[in-house]
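K.L.:
Quick note: the first sequence uses our numbering, first residue 4, plus one each step.
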Amino acid sequence: MSTLIISEKNKAAQAIAEALGPTTKIQVNKLVKVYHVPSRDVYVLPLRGHIQQYENTAAYKKWTAKDPRDIITDPHAIAKIPTKFGGPYISALKKYGKLCTTCVVGTDADVEGCNIGLMDAVPFVTAVNPKIRIMQIWLNDLQKSSIQKAYMNLIPPKWSWAYSGEARAQIDAIIGFSATREVSLTLKPILQGINVKFTSIGRVQTSLLYLIYLREDIIRNFKPSPFWTISAKLKIGTSELKVNHVKNNFTDKKIAEGIYSLIKNEKIAILEAVQTKTRKINPPVPLNTSKALQLITKNLKINAKVALKTLEDLYLNKLITYPRTDSDVYSPTYDHKAVLQKFLTHSMFGQFTRDLFKNRRIIPTKGKHDTGDHSPITPLESLEPNASKFGNKLQQQVYNLIARYYLALFGEPAEESDTRILVNIKNEKFMGQTKVLLKPGFYSIAPFLSPKYGAPLPSLPPVSSSPSTGSKPTLPVIKIDLEEKQTQPPPRYSDTSLLQLMERKKLGTKSTRPAIIQILIDRSYIQRQGRSVFLMDLGFLLIDSLVMIWKPFLDPVFTSNVEHQLDGILNQKLQMPQVVDAIKKDFLRLFDLFRLEKPKILQKMQALQTTGNVIRGRNNQILSGKTKSPRSSQTTNTKGGVPAPVLSSAKCPKCKTHPMKLVVSTHNKAKIYKFLVCNEPSCKTYLSLPKKGSPTLLKSTCSICNFNIVKISTSAHGKRFHYYICPLCWNRGLKHQSGEGFCSKCKAFHIVKGKCMKK
DNA sequence: GCAAGGTC
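(1) Mind pulling the beta strand (DSSP E) runs of 3 or more residues that sit fully within the region 528-557?
(2) Exposed or buried, Ile204, counting other C-beta atoms within 10 Å across all chains shown (16 or more means buried)?
(3) Go to Gly100, then tell me how far its alpha helix (DSSP H) extends in each direction, as first and last residue.
(4) How would you write the range of the beta strand (DSSP E) that Trp231 sits in, first residue to last?
(5) In angstroms, rounded to a whole number, what distance separates the CA positions of Gly457 and Ile233?
(6) Starting from Gly571, trace the alpha helix (DSSP H) in both directions and tell me its first and last residue.
(7) Opposite Phe253 in the DSSP bridges: which residues?
(8) Taking all protein chains shown into account, do 16 or more other C-beta atoms lie within 10 angstroms of the C-beta of His739, making it buried, or fewer, making it exposed?
(9) By alpha-carbon positions, which one of Leu478, Leu460, Ser385, Ser391 ends up nearest to Val426?
(10) Going by Cα to Cα distance, which pick from Ala341, Asn252, Val480, Val246 is closest to Ser3?
(11) If you drop the 5 nearest sequence neighbours on each side, which residues of the same chain put their C-beta closer than 6 Å to that of Pro382?
(12) Distance, Cα to Cα, Phe360 vs His349?
(13) In whole angstroms, give me the CA-to-CA distance for Thr209 and Tyr727.
(14) Would you kindly check if the distance between the Cβ of Ile29 and the Cβ of Ile150 is under 8 Å?
(15) State the DSSP-derived secondary structure class of Gly511, mapped to helix, strand or coil.
(16) Compare the beta carbon distance of Val332 and Pro286 with 8 Å and say whether it is the shorter of the two.
(17) Should Ser148 go down as buried or exposed, given a rule of 16 or more other Cβ atoms within 10 Å for buried?
(18) Tell me the rounded alpha-carbon separation between Thr60 and Thr368.
(19) Quick one: what's got a C-beta closer than 8 Å to Ser330's C-beta in the same chain, skipping five residues either side?
(20) Please classify Ser242 as buried or exposed, where buried requires at least 16 other C-beta atoms within 10 Å of its C-beta.
(21) Rounded to whole angstroms, what is the Cα-Cα separation between Gly696 and Lys283?
(22) Just reading off the alpha helix (DSSP H) that Tyr216 is part of, what are its end residues?
(23) Can you round the beta-carbon distance between Ala165 and Asn118 to whole angstroms, since I take them to be within the 8 Å contact cut?
(24) Tell me whether His372 sits in a helix, a strand or coil according to DSSP, three-state version.
(25) DSSP three-state call for Val332: helix, strand or coil?
(26) For Pro416, tell me which candidate among Ser447, Gln139, Glu486 has the shortest Cα-Cα distance.
(27) Return the CA-CA distance between Leu412 and Val401, expressed in angstroms with no decimal places.
(28) Where Tyr337 and Met155 are concerned, what is the direct C-alpha to C-alpha distance, given to the nearest angstrom?
(29) Which value, in whole angstroms, describes the spacing of the CA atoms of Ala16 and Cys106?
(30) In whole angstroms, what is the alpha-carbon distance linking Trp553 and Arg598?
(31) DSSP beta-bridge partners for Gln489?
(32) To the nearest angstrom, report how far apart Lys152 and Asn143 are at their CA atoms.
(33) What's the call for Ser10, buried or exposed, on a 16-neighbour Cβ count within 10 Å?
(34) Report the CB separation of His248 from Glu431 in whole angstroms; it is logged as a contact under 8 Å.
(35) Of all the options Ile174, Arg531, Leu102, Pro698, which has the alpha carbon lying nearest to the alpha carbon of Asp44?
(36) Quick check: the Cα distance between Thr27 and Leu319, rounded to an integer number of angstroms?
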């Protein structure tokens, strides 16, 4: 009466086995081990995520062998086959499937988990043992007590969840494969010229690229317009307060100048009104993956991929709960007391936690979504910053954010005051505002959630409302300013705002969003420059040619419709084959439309090539068209949809033709080498970079040698900071020990003998 | 050669 439990990954298998009793390991083959629990006659077999995936069948392997359209219409164009690493897992499934009488699917408690267990794995078990009983264990976390409880309450398999995942996989494969081939083959003449092999198209990635394109379009076409502001600096006791003219911003220069010239020498402001409002700010809601990634990328200034990897590492070390969750509501039975008790003695969080118990604040805030898969992200241990359980500093920093955020859920509301004053300077009215934190509440444990507050103002003289008293109090004016400013375009996306955008538009899942951003980077559609994401020419080119005809596919509405129908399968309101057929039909119509418009698209491309504008491909190399100087190519030209090159490239100082690329490589896992190297292998020119800190190649160039500046982000004494170097000057400086090419503060710098001349 | 979704 043996039982086989299938888990999604090794750590989960180990946790399940150890919760059920004393465990021994059996090495089944080179890759696979199972955990044996003799006391219960249980074998726990860990998979490695999906062990099967959709691929084109043999007849469709070659891109040109069949019409890409047939991938949509031919039901035999794709098939589910074992992944590269699937084989050893499949033979283990067969071996233990044969000798067990019950098979328990113990993969993650979500759609993909059900799909992995019931669709990828179980078929191999039932093939060798048709009579085996199939059950499922629903695990919200890997704590011993939760596992024991769930094992006593096995559930029937959630087939509808598994089918929902299966439909998603089929739809994505059909759309992705057919469209990638069709678009790549169409653009072939162009792509060949720019040394690009293919242009990938996918339900999620192409939609995201479209949104980045829309933002880029606004930025490129943005016409800044001037406006003027008048402000005054007032002295209040020992502090200063900036007040703004109530008619800011002025669009008419003459009016602004007229007012300014009348009042510019005035030294007295009459205090007309003071109003103070206080407001309570409630603690945040529990942390799901999406919010956690935003929190981490924003506060630690790391990219989304690294943030997710660090969460995963913390989870595998059993320091936090499962990091992939959409829930921001705890189940009513969640044992917060047990978690909080661990923090009572913590050197930094202890006092806050003791206050929680003292004030009986042990119920967390509540969000809106309880998806019933995993609990919100929660610390499982109370660890000091120097704990050896942290694999690296980043893990410690991420844990610190998660732990503080969790404790904040139980904290008191914060309280702020908002003081507004109205003054009169020679009959012109000015307003000032200052926000002050009155009670820190939960901000005390999670200061990173707090907005910036001003220092409290010294008490202002009372403003008499009675006209009989005659004079009103006055404040000294330190100075009055008239400034000319320019309207600004919206900012480019960062990892944090891209994640926000994807969440808002329901693009990708909690766990794939960082990977989708990475795909766009790998395909040379977009590029990170510092914290900003730039659309590259290839990305612009692709969307610009699709935007006329494929709006219904590019728009995130397409994906939300797909996901709506997938939910229908999960809720047993729709059937998988009908959903897949309906979406195939939808997409086939768009596919045919693309074919119909092909000549137009090619014509547009042709026009592009003959306008002499630069198209850049991989590594931002200039690959076709007449080249322009980097400076003039910065200017915007969107006439006729021609992409304006976005980034200047750091040209090799020796061969002066090829760009330098940034290389960060690990060697023996211990040493990290960072340098810039010429993209032309035969040139071999390289420039060293500082050993410490992470480098980013910037757009701005050195005013001495015109080479691109590199920003070095690093830390010392626990504080993060950055500085700028010109790699070329810096390397020359290293040679002559002159200290040139280095500036700690400004971006556009001019360094001579170690001193920045622009300071 | 391709997707998106898992996991390492």
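Here a beta-carbon is modelled for each residue, glycine too, at the ideal position from N, C-alpha and C. Note that the structure is a prediction, hence the values are computed from the model and not measured.
P.N.:
The answer reads as follows:
(1) Here the runs fully enclosed are 529-532, 535-538.
(2) Indexing the first sequence from 1 puts residue 204 at position 201. It counts as buried.
(3) Along the first sequence, read from residue 1 onward, the residue named residue 100 stands at position 97. Per DSSP, the unbroken alpha helix (DSSP H) holding Gly100 starts and ends at 89-102.
(4) As a first step, residue 231 must be located in the first sequence, where it is residue number 228. It spans 229-239 - the beta strand (DSSP E) in which Trp231 sits, taken as one unbroken run.
(5) On the first sequence, residue 457 is found 454 positions in, with the first residue counted as 1. On the first sequence, residue 233 is found 230 positions in, with the first residue counted as 1. Gly457 and Ile233: Cα-Cα distance of roughly 21 Å.
(6) Here residue 571 refers to the residue found at position 568 when the first sequence is read from its first residue. 560-573 is the span of the alpha helix (DSSP H), which, as asked, contains Gly571.
(7) Counting from 1 along the first sequence, the entry for residue 253 is found at position 250. Trp231, per the DSSP bridge assignment.
(8) Sequence index remark: in the first sequence, residue 739 carries index 736 (1-based). With a pLDDT of only 49 at His739, under the threshold of 50, the placement of this residue in the model should not be trusted, and no figure is reported.
(9) Here residue 426 refers to the residue found at position 423 when the first sequence is read from its first residue. Among Leu478, Leu460, Ser385, Ser391, the Cα nearest to that of Val426 is on Leu478.
(10) The structure shown does not extend to residue 3, since the chain spans only 4 to 762, so no value can be given for it.
(11) What you label residue 382 is simply residue 379 of the first sequence in a count that begins at 1. Within the same chain, Pro382 has close Cβ partners Ile323, Ile405, Ala406, Tyr409.
(12) Here residue 360 is taken as the residue at index 357 of the first sequence, counted from 1. Here residue 349 is taken as the residue at index 346 of the first sequence, counted from 1. Their backbone Cα atoms lie some 14 Å apart in a straight line.
(13) Here residue 209 refers to the residue found at position 206 when the first sequence is read from its first residue. Here residue 727 refers to the residue found at position 724 when the first sequence is read from its first residue. So the two alpha carbons sit approximately 35 Å from each other.
(14) Indexing the first sequence from 1 puts residue 150 at position 147. Indexing the first sequence from 1 puts residue 29 at position 26. No, the pair does not count as a contact, with Cβ atoms beyond the cut-off.
(15) Here residue 511 refers to the residue found at position 508 of the first sequence. Correct three-state label for Gly511: coil.
(16) Translated into positions along the first sequence, residue 332 becomes position 329. Translated into positions along the first sequence, residue 286 becomes position 283. Cβ distance not < 8 Å, so Val332 and Pro286 don't count as in contact.
(17) Residue numbering aside, residue 148 sits at position 145 when the first sequence is read from its first letter. So Ser148 ends up on the exposed side.
(18) Mapped onto the first sequence, residue 60 falls at position 57. Mapped onto the first sequence, residue 368 falls at position 365. One C-alpha to the other measures close to 51 Å.
(19) For the purposes of this step, residue 330 is taken as residue 327 along the first sequence, with counting starting at 1. Excluding residues within five positions, the ones whose Cβ falls inside 8 Å are Pro289, Asn291, Gly370, His372, Asp373, Thr374, Gly375, Asp376, His377, Ser378, Pro379.
(20) Sequence index remark: in the first sequence, residue 242 carries index 239 (1-based). So Ser242 counts as exposed.
(21) Position 693 of the first sequence, counted from the start, is the residue given in the question as residue 696. Position 280 of the first sequence, counted from the start, is the residue given in the question as residue 283. Each residue's alpha carbon lies about 40 Å from the other.
(22) If you number the first sequence from 1, residue 216 lands on position 213. Here the alpha helix (DSSP H) through Tyr216 covers 208-223.
(23) Position 162 of the first sequence, counted from the first residue, corresponds to residue 165. Position 115 of the first sequence, counted from the first residue, corresponds to residue 118. Cβ atoms of Ala165 and Asn118 come within 8 Å of each other, at about 5 Å.
(24) Numbered from its first residue, the first sequence carries residue 372 at position 369. Looking at His372 - three-state DSSP - the assignment turns out to be coil, as it is neither helix nor strand.
(25) Walking along the first sequence from the start, residue 332 turns up at place 329. In this structure, Val332 counts as coil in the three-state DSSP scheme.
(26) On the first sequence, residue 416 is found 413 positions in, with the first residue counted as 1. For the residues Ser447, Gln139, Glu486, the minimum Cα distance to Pro416 belongs to Ser447.
(27) Position 409 of the first sequence, counted from the first residue, corresponds to residue 412. Position 398 of the first sequence, counted from the first residue, corresponds to residue 401. Each residue's alpha carbon lies about 17 Å from the other.
(28) Along the first sequence, read from residue 1 onward, the residue named residue 337 stands at position 334. Along the first sequence, read from residue 1 onward, the residue named residue 155 stands at position 152. When rounded, the distance between both Cα atoms is 18 Å.
(29) Start at 1 with the first residue of the first sequence, and residue 16 comes out as number 13. Start at 1 with the first residue of the first sequence, and residue 106 comes out as number 103. Rounded to the nearest angstrom, the two C-alpha atoms are 14 Å apart.
(30) Indexing the first sequence from 1 puts residue 553 at position 550. Indexing the first sequence from 1 puts residue 598 at position 595. Cα to Cα, Trp553 sits roughly 11 Å from Arg598.
(31) Translated into the one-based positions of the first sequence, residue 489 becomes position 486. Answer by DSSP bridge pairing, in chain order: Pro229.
(32) Locating residue 152 in the first sequence gives position 149, counting from the first residue. Locating residue 143 in the first sequence gives position 140, counting from the first residue. Cα-Cα distance, rounded: 11 Å.
(33) Reading the first sequence from its first residue, position 7 is the one you call residue 10. Buried, because 16 or more other Cβ atoms sit within 10 Å of the Cβ of Ser10.
(34) Working through the first sequence from its first residue, we reach residue 248 at position 245. Working through the first sequence from its first residue, we reach residue 431 at position 428. Between Glu431 and His248 the Cβ distance is about 6 Å, and since that is below 8 Å, they are a contact.
(35) Taking the first residue of the first sequence as 1, we reach residue 44 at position 41. Ranking Ile174, Arg531, Leu102, Pro698 by Cα distance to Asp44 puts Leu102 first.
(36) Within the first sequence, residue 27 is the residue found at index 24, counting from 1. Within the first sequence, residue 319 is the residue found at index 316, counting from 1. Going by the C-alpha atoms only, they are around 20 Å apart.
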